[in-house]
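Residue numbering for the sequence shown is -23 to -1, 1 to 320, as defined by mature numbering (1 follows the signal peptide of the UniProt record, and there is no 0).
Positions of the beta carbon are idealized from the N, C-alpha and C atoms, including for glycine.
Given the structure is predicted, the values throughout are model-derived calculations rather than measurements.
Reviewing the structure listed below.
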Amino acid sequence: MMSLRFYFYILVLYASITIRTQCRDEICLPKDHVAFFIFGDSVVDDGNNNYINTTTGFQSNFAPYGETFFRYPTGRSSNGRLITDFIAEYAKLPLIPPYLHPGYERFIDGANFASIGAGALDETNHGMVISLNAQLNYFNNLETTEARTSIGGNDYFVPFASDSSMQFLQSYSKQDYVNMVIGNLTTVIKEIYKKGGRKYVFHGLGPAGSYPLFKAMVNTSACLEELTTLVKLHNKALSEVLKLESELKGFKYSIVDVYTFVSERIDNPSKYEGKIACCGTGPYRGILSCGNRSVSSKYELCTNTVTLVIMCSSFRKGQRTTHRANLEWNSQCLRILQSQSIV
């Protein structure tokens, strides 16, 4: 018997897990081998949506994505690598493959279940993405698992771009809607706990109301305050998850303040290029047309991605990703609100 250590990350969740296992398929792993399994949305999807029946609006497998590292589009919503790619590198692991990639069968080092457009709620982009619950089912199909995840934002973002989703959101009070999102996240955390997950890092949401997509929608310099309100309620409600510490033996956590981290960069555009998206059209390059010909054959692309915060109009995945990943790995980043050791 030997010990496998597992780490989980959600953008709202990171976890450490210890699982007892034996040699499998004549492959004996070293003691304390780390495997990395990833759940979430476009922040961490490295190509699963390439292999599902969806539209190009939920894919990033075309130019200019991938141009600064891979030199070709992989399905990542980034000009280069994702934060999970850097975390894997720091953990001395190879790039973690998308779970649905044909040909991958033995996930010794981990797997990526994330899906562009996914939310904690099944209703978010229903039928077009791999929901968090579907990702959890993939996870449960594996004998051993480790995960990093980024989920929750689309549950708040999508209603502002879809009338039917907005009607769904408006059928609840803001607080009840947030509680529903947090409730689904809590359910997933408990399922991961059953697999051995004990130590977690929770990431709050960033200032989405100030992202180019939503500023372009209001077409002023102001932010979309209704969305900002939801984000703040979500971040506050994350603290409710910490009640699990009294329910689940050995449950440990840290909370990371993404809101402040991103706000500081948006508020200092000369240093971080945080006011507009790198790729898109319209005000703030906020129209989602980055290489997606179903939206527009034309798009603008920034010339400097080194200090980039926002690659596309609603996402923060430019070259600054390596800086954020490095800070996170070294437990320095984003202002830790509550902290316990996750090693």
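The alpha carbon of T61 has as its nearest neighbour, out of N38, E100, T51, I73, the alpha carbon of I73.
V20: not part of any beta strand (DSSP E); DSSP gives it neither H nor E. Contact between D23 and P75 holds, since their C-beta atoms are separated by about 5 Å, short of 8 Å.
Using a Cβ-Cβ distance cut-off of 8 Å, the stretch 147 to 162 and the stretch 206 to 225 are in contact, since at least three pairs of beta carbons, one from each stretch, lie closer than that value.
Here DSSP, grouped into helix, strand and coil, assigns R58 to coil.
Spanning the alpha carbons of V158 and D244 requires a straight line of approximately 28 Å. Short of 8 Å from the beta carbon of N89, and not among the five residues preceding or following it, lie these beta carbons of its own chain, in chain order: F14, I15, V21, D22, D23, G24, N25, T61, I73, P74, P75, Y76.
Distance from the CA of N156 to the CA of H78, rounded to the nearest whole angstrom, comes to 34 Å. Of the candidates I166, K229, T101, C279, the residue whose Cα lies closest to the Cα of F116 is I166. Around the C-beta of S55, 16 or more other C-beta atoms lie within 10 Å, and the residue is accordingly described as buried. Straight-line measurement puts the Cα of R58 at about 11 Å from the Cα of E66. Within the same chain, Cβ atoms closer than 7 Å to the Cβ of T206 are found at K151, the five residues on either side in sequence being excluded. Counting along the chain, V165 sits inside the alpha helix (DSSP H) bounded by residues 151 to 171. If you look at V233, you'll find it in the beta strand (DSSP E) that goes 229 to 233.
For P246, the three-state secondary structure derived from DSSP is helix. Each residue's CA atom was taken as its position, placing S223 and K209 some 25 Å apart. Per DSSP, A111 is not a residue of any beta strand (DSSP E); the alpha helix (DSSP H) it occupies stretches across 109 to 118. Between C255 and Y276, the C-beta gap is not smaller than 8 Å, which leaves the two residues out of contact.
When the Cα atoms are used, L109 and G96 turn out to be separated by approximately 6 Å. In the DSSP assignment, A88 falls within the unbroken beta strand (DSSP E) covering 87 to 89.
Here S148 is exposed, its C-beta having fewer than 16 other C-beta atoms within 10 Å.
A distance below 8 Å separates the beta carbons of V235 and G181.
N212: member of the alpha helix (DSSP H) spanning 202 to 218, first to last residue.
Taken through DSSP and simplified to helix, strand or coil, F191 comes out as helix.
Across the set T163, T164, G130, the C-alpha of G130 shows the shortest separation from the C-alpha of A185. Looking at the DSSP output, T33 shares a beta bridge with no other residue. Cβ contact annotation for G227 (same chain, cutoff 7 Å, sequence separation greater than five): R175, in chain order. For E222, the enclosing alpha helix (DSSP H) covers residues 221 to 224.
Cβ-Cβ distances below 8 Å link L119 to F14, F84, A88 in the same chain, with the five nearest sequence neighbours on each side left out; the list follows chain order. In this structure, Y133 lies near L204, with their beta-carbon atoms less than 8 Å apart. Across the set T45, L225, F63, G94, the C-alpha of L225 shows the shortest separation from the C-alpha of K172. Within the same chain, Cβ atoms closer than 7 Å to the Cβ of S37 are found at P50, G52, R53, S54, I93, the five residues on either side in sequence being excluded. By the beta-carbon neighbour count (other beta carbons within 10 angstroms, threshold 16), R262 is buried.
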